[in-house]
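To start, the structure itself, in structure tokens.
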Amino acid sequence: MFRLVASYAEKHLGKPIVPVNMAGASATVGSRYVKDAAPDGYTILGSHQVVAAAQHTGIVDYGFSSFEGIAQITSTPHIPAVTKEFSQKNNVKNMTDFINYVKKNPGKVIWAYTVGSEDHYTIASLLDKAGVDTKSLKYVNYPGTGPQYAAMVANQVEGMVADYASGKGYFESGDLVPLGIVNTERDAALPNVPTMIEQGIDFSLPVSRGMFAPKGTPAEILDVLDNAYEKALADPELQKKIKDLGSNPKFVPHDEFSTFVKDLDAEMAKLADKMK
Numbered sequence: 215m216f217r218l219v220a221s222y223a224e225k226h227l228g229k230p231i232v233p234v235n236m237a238g239a240s241a242t243v244g245s246r247y248v249k250d251a252a253p254d255g256y257t258i259l260g261s262h263q264v265v266a267a268a269q270h271t272g273i274v275d276y277g278f279s280s281f282e283g284i285a286q287i288t289s290t291p292h293i294p295a296v297t298k299e300f301s302q303k304n305n306v307k308n309m310t311d312f313i314n315y316v317k318k319n320p321g322k323v324i325w326a327y328t329v330g331s332e333d334h335y336t337i338a339s340l341l342d343k344a345g346v347d348t349k350s351l352k353y354v355n356y357p358g359t360g361p362q363y364a365a366m367v368a369n370q371v372e373g374m375v376a377d378y379a380s381g382k383g384y385f386e387s388g389d390l391v392p393l394g395i396v397n398t399e400r401d402a403a404l405p406n407v408p409t410m411i412e413q414g415i416d417f418s419l420p421v422s423r424g425m426f427a428p429k430g431t432p433a434e435i436l437d438v439l440d441n442a443y444e445k446a447l448a449d450p451e452l453q454k455k456i457k458d459l460g461s462n463p464k465f466v467p468h469d470e471f472s473t474f475v476k477d478l479d480a481e482m483a484k485l486a487d488k489m490k
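Structural data, given as structure tokens:
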């Protein structure tokens, strides 16, 4: 997604944007690299709430405060899901069913996640807001969503926090049963799946992908980058491509995005002890 948007943003910068995938350590390899880079606008980070989740689970000693927010670029609803086998065996069709099952069977459900990631924060928040101990699941750590999907299909685990962008094929095949949409409104791709709010759980934070620069990057540089991404996301062609990938284009400018991540960081901090 970041690579796609960058290919449009660079047209408005007059300079190429060269995406470099730095995977590993709950996505902290890349964030640490950018954190330590010169604040000159030539090294920037594409990330989301994993920056704060990694800090609040003790994986790293830095978070959003080590960066300048440039802009938000997309919004992708999380979709907690269970395997077809688990759903049929336990008559779990939605998040309400799942919460009731977990309350009656604490420590029984095998749940795939990536420690210190945004999916870790999402499942912890959902359980907490539903009045369930966040440690009521039997967690199995995987290095990313790809291995999580593989484990789900092989019935090695029973649930995970997915999203339509990466899990489209699994939802269409029926291998994954969506429990609900983590957003303020239903997803057009799964119109019959209710939101968490509709199911009585007050949590609606989607994956909020955005661009970040090292702390101390001058305002005039942030403005240039912000402007390039704003123009890119106004392009109907890019908007369609993002939607085709199962996400939603969403431009939020520097000032608003910075406020958003600051508030998000404060919310995540409240759940820190329950995520460890």
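With this note's numbering applied, the sequence shown corresponds to residues 215 to 490, in that order.
From the three backbone atoms N, C-alpha and C, an ideal C-beta is built for every residue, glycine too.
Exercise. Leaving out five residues before and five after Val407 in sequence, what residues of the same chain have Cβ atoms less than 6 Å from its Cβ?
Worked result: Pro392 and Ile395
Exercise. For Glu282, is the classification buried or exposed, using 16 other Cβ atoms within 10 angstroms of its Cβ as the cut-off for buried?
Worked result: buried
Exercise. With distances taken between CB atoms, is the gap from Asp469 to Ala266 smaller than 8 Å?
Worked result: no
Exercise. For Val466, which three-state DSSP category applies?
Worked result: Residue state for Val466 is assigned as strand, using DSSP reduced to three classes.
For this session: Please state whether DSSP places Thr297 in a helix, a strand or coil.
Result: DSSP, reduced to helix, strand and coil, places Thr297 within a strand of the structure shown.
Problem set entry | Spatially closest choice to Gln269 from Ala285, Gly277 and Gln263, by CA coordinates | Gly277
For this session: Check whether the Cβ atoms of Tyr222 and Ala427 sit closer than 8 Å, and answer yes or no.
Result: Going by C-beta atoms, Tyr222 is not nearer than 8 Å to Ala427.
For this session: From the DSSP output, in three-state form, read off His539 for me.
Result: Residue 539 is absent from the model: the chain starts at 215 and stops at 490.
Problem set entry | From Asn355, Asp458 and Ser289, residue whose alpha carbon lies closest to that of Met489 | Asn355
Exercise. At a cut of 8 Å, does the stretch 279-293 reach the stretch 453-467 through at least three beta carbon pairs?
Worked result: yes
Problem set entry | DSSP three-state assignment for Pro361, whether helix, strand or coil | helix
Exercise. Among all the DSSP beta bridges, which residues are the ones paired with Thr328?
Worked result: Thr328 is not bridged to any residue.
Problem set entry | Three-way DSSP call (helix, strand, coil) for Met425 in this model | strand
Exercise. In chain order, what residues of the same chain lie with their CB nearer than 6 Å to the CB of Phe312, ignoring the 5 residues before and after it?
Worked result: These residues qualify, in order along the chain: Val306 and Leu393.
Exercise. According to the Cβ coordinates, are Phe471 and Tyr443 closer than 8 Å?
Worked result: Against a cut-off of 8 Å, the Cβ pair of Tyr443 and Phe471 comes out as no contact.
Problem set entry | Straight-line Cα distance separating His226 from Tyr327 | 38 Å
Exercise. Under 8 Å, do Lys476 and Pro253 count as touching if we go by C-beta distance?
Worked result: No, Cβ-Cβ distance for Lys476 and Pro253 is not below 8 Å.
Exercise. What does a CB cutoff of less than 8 Å around Trp325 pick up in its chain, not counting 5 residues either side in sequence?
Worked result: Counting only residues of its own chain and dropping the five nearest sequence neighbours on each side, Trp325 has a CB closer than 8 Å to the CB of Ile337, Leu351, Lys352, Tyr353, Val354, Val371, Glu372, Gly373 and Met374.
Problem set entry | Test item: CB-CB of Gly460 and Ala403 under 8 Å | In terms of Cβ geometry, Gly460 and Ala403 form a close pair [threshold 8 Å].
Exercise. Is the stretch 409-419 touching the stretch 243-253, taking contact as three or more C-beta pairs under 8 Å?
Worked result: no
Exercise. Taking Ser422 as the reference, which of Glu332, Ser339 and Val219 has the closest Cα?
Worked result: Glu332
Problem set entry | Host alpha helix (DSSP H) of Pro450 (start-end) | Pro450 to Asp458
Exercise. Thr257 and Val248: beta carbons closer than 8 Å?
Worked result: In this structure, Val248 lies closer than 8 Å to Thr257 by Cβ.
For this session: Consult DSSP for Asn355 and reduce its assignment to one of helix, strand or coil.
Result: strand
For this session: Label Ser279 either buried or exposed according to how many other C-beta atoms from any shown protein chain fall within 10 Å of its C-beta, with 16 as the threshold for buried.
Result: exposed
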